[in-house]
Amino acid sequence: VGQVLELRSDQRRLYYLISKVKSYQKPTYRTVWEALLNLRQKLLTANVLKLAIPKIGCRRDDLDWRIIRNMLEVLFRFTGIEILVCSWNPRGPTEHR
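Going by our numbering, the letters in the sequence shown line up with residues 43 to 139, in that order.
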């Protein structure tokens, strides 16, 4: 718990945050914090300056996105890492006419 698994392809890196022991368990804010802390270290070590991330810990895991967002802001402030938060839209893309 708190670890980060990195998978690499040609131009992309995928990071899996381990925030619980079993897949059916719920993460805690502490385990998410530890995983994000380790993610920050991996990104800085690899000189990765852009990160796209979903709203982790939300939906099925029942954590409050506002708290997770604050964690991201605190941990990544002054690192130079740009974070893009991706959100799932069940209705699909919105059309503008």
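Just so it is clear, CB atoms sit at the ideal spot from N, CA and C, and this is done for glycine as well.
Host alpha helix (DSSP H) of residue i (start-end)
i: Ile-110; result: 107-118
Rounded C-alpha distance that separates residue i from residue j
i: Tyr-58; j: Val-46; result: 6 Å
i: Leu-93; j: Glu-124; result: 6 Å
i: Leu-114; j: Arg-133; result: 27 Å
i: Gly-122; j: Leu-56; result: 19 Å
i: Ile-110; j: Arg-54; result: 24 Å
i: Gly-99; j: Lys-62; result: 11 Å
i: Leu-85; j: Ser-129; result: 22 Å
i: Asp-52; j: Tyr-71; result: 33 Å
i: Ile-60; j: Val-127; result: 19 Å
i: Tyr-66; j: Asp-106; result: 18 Å
Residues sharing a beta bridge with residue i, DSSP
i: Leu-93; result: Ile-125
i: Val-74; result: For Val-74, which the question treats as bridged, DSSP gives no partner whatsoever.
i: Val-63; result: Answer is none; Val-63 lacks a bridge partner.
i: Leu-56; result: Leu-49
Opening and closing residue of the beta strand (DSSP E) in which residue i lies
i: Arg-50; result: 46-50
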